[in-house]
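Structure first, then comments.
There are 2 protein chains.
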Amino acid sequence: MMYAEEIEIGSRFDFESYAMTAEEITTFGAKWDPLPLHLSEDIADGTAFGRLVASGVHTLAVFQRLAVLAAFAQWDIFAGRRLDDVKLLAPVFPGDSLTGGLEVQGIEFNHPGRALVTCFGWLDTSRGRTLELVAESYVNRRP
Amino acid sequence: MMYAEEIEIGSRFDFESYAMTAEEITTFGAKWDPLPLHLSEDIADGTAFGRLVASGVHTLAVFQRLAVLAAFAQWDIFAGRRLDDVKLLAPVFPGDSLTGGLEVQGIEFNHPGRALVTCFGWLDTSRGRTLELVAESYVNRRP
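Read top to bottom, the protein sequences are chains W and E. Residues in the first sequence are numbered consecutively from 30, following the numbering used here. Residues in the second sequence are numbered consecutively from 30, following the numbering used here.
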C-alpha cells in the first residue's frame with residue numbers, strides 16, 4: 030500500500046475496459062435512476078435518444094470501479110472527500126466499451142495524519158470522451 | 030410530465046427515506062468500489078473507521094433514486110449534464126436511514142428545445158448532513 034508521500038503529482042494510471050450491457054443498464058436504472066431512458070428499450074424508444082442510455086450514476090460507478098482497480102486499491106485511502114465538475118459529455122449506450130484513466134493533479138499535506146489527493150479522471154467510448162471529473166480523496170500519511 | 034417552463038426557481042422537494050443495510054453496502058462495494066472499507070465488516074475492521082462504510086458512489090446513487098421519486102420522474106428530462114461540488118461530509122454506516130431533498134436554484138432557457146435546470150441537493154442521516162451536491166439537468170421545453 031502506498032502512503033500519500035509516495036504518490037507523485039503528474040503520475041497517470043490507465044484503466045482496463047468495461048463492457049456496458051443493456052441488461053446492466055436496465056437493472057442499475059430500475060434501482061437507482063428510474064427514468065424512462067434507463068428502464069427498457071421499449072420505454073426508452075419514446076425518449077429524446079430513441080434508445081436505452083446508461084444512467085450517469087452508472088457511468089460514474091464504472092469510473093470508480095476502474096479507478097480502484099488501476100490506482101486507488103494500491104493507495105492507503107482514508108476516505109473520499111469530494112467530486113467536482115462531473116461532466117456527462119455524451120451518452121453511453123448498450124454495447125459500449127468504456128475505458129479511461131486518471132492523473133494526479135495535486136497533493137496537499139494539510140493534516141497530520143493524511144493528505145488530500147486531487148485527481149483528474151476521464152472515461153471514453155469508441156465515439157470519444159463521455160465523462161470527466163475531479164476526485165478528491167484523503168490518503169493516509171506514513172505513520 | 031412538467032416541461033421546463035412549469036418548473037419554478039425556489040421550489041423544494043422533500044425525499045422519502047432509504048435504509049442502508051450492511052448487505053447492500055458490501056454488494057455495491059464489491060462491484061463498484063472494491064476498497065477495504067466497503068467489502069465486509071471483518072475487512073473494514075482494519076480501516077480508519079473500524080467498520081463498514083458505504084461507498085460515496087452508493088450514497089450518490091441513493092440520492093439519485095430519491096430525487097427521481099420526489100421530483101425528476103415528474104419532469105420531462107432530456108438528460109443529466111453535470112454534477113458539481115459533490116461533498117461527502119460524513120460516513121454512512123449500516124443501519125443508517127437516509128433522507129434529504131432538493132431545491133431548484135436556476136433555470137437557463139439557453140437552447141431552443143430544452144432548458145438547463147440547476148438544483149441543490151442534500152442527504153442527511155440521524156447524525157446530520159452526509160451529502161451535498163449541485164445537479165444540472167436538461168429539461169425539455171414545451172413543444
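We treat Cβ as the ideally placed atom computed from N, Cα and C, and that holds for glycine. None of these values were measured; they are calculated from a predicted model.
Buried is the label assigned to R94 (chain E), since at least 16 other Cβ atoms lie within 10 Å of its Cβ. Against chain E, the CB of R111 (chain W) has a partner CB under 7 Å away; the residue lies at that interface.
For the C-beta of I38 (chain W), not a single chain E residue is nearer than 8 Å; the gap to the nearest is close to 22 Å. Among the CB atoms of chain W, one or more fall inside 7 Å of the CB of A77 (chain E). Within the model, the alpha-carbon separation for G142 (chain W) versus F101 (chain W) is close to 18 Å. At a cut-off of 7 Å between beta-carbon atoms, W104 (chain E) makes no contact with chain W. Around the Cβ of M30 (chain W), a 10 Å sphere holds fewer than 16 other Cβ atoms; the residue is exposed.
Collapsing the DSSP output to three states places R170 (chain W) in coil.
Burial check for P120 (chain W): the Cβ neighbour count within 10 Å reaches 16 or more, so the residue is buried.
With at least 16 other beta carbons inside 10 angstroms of its own, T55 (chain W) counts as buried.
In the DSSP assignment, no residue is bridged to R94 (chain E). Against Q134 (chain E), chain W offers no close residue; the least beta-carbon distance is about 17 Å (beta-carbon pairs closer than 8 Å).
Shown here for V115 (chain W): same chain residues with a beta carbon closer than 7 Å to its own, the five before and five after excluded, namely L89 and L162 in chain order. Flagged as an interface residue toward chain E: F107 (chain W), by a C-beta distance shorter than 7 Å. Setting aside the 5 residues that flank it on each side, E137 (chain E) is surrounded in the same chain by A144 and L145, each with a C-beta closer than 7 Å to its C-beta; the list follows chain order.
Here S40 (chain E) is near V133 (chain E), since their CB atoms are less than 7 Å apart.
Taking CB atoms only, R94 (chain W) has a neighbour in chain E less than 7 Å away. By the C-beta density criterion, G79 (chain E) is exposed, having fewer than 16 other C-beta atoms within 10 angstroms.
By the rule that beta-carbons nearer than 7 Å mark a contact, A51 (chain E) does not touch chain W. Of the residues assessed, I106 (chain E) falls on the buried side of the cut-off, its CB having 16 or more other CB atoms within 10 angstroms.
Taking 7 Å as the threshold, the shortest C-beta distance from V146 (chain E) to chain W does not fall below it. For T128 (chain E), the beta-bridge partners assigned by DSSP are E:D153. For L66 (chain W), the three-state secondary structure derived from DSSP is helix. Closer than 7 Å to the CB of D114 (chain E) there is at least one CB belonging to chain W.
Counting only residues of its own chain and dropping the five nearest sequence neighbours on each side, E35 (chain E) has no CB closer than 7 Å to any other CB. The DSSP-derived three-state label of F42 (chain E) is strand.
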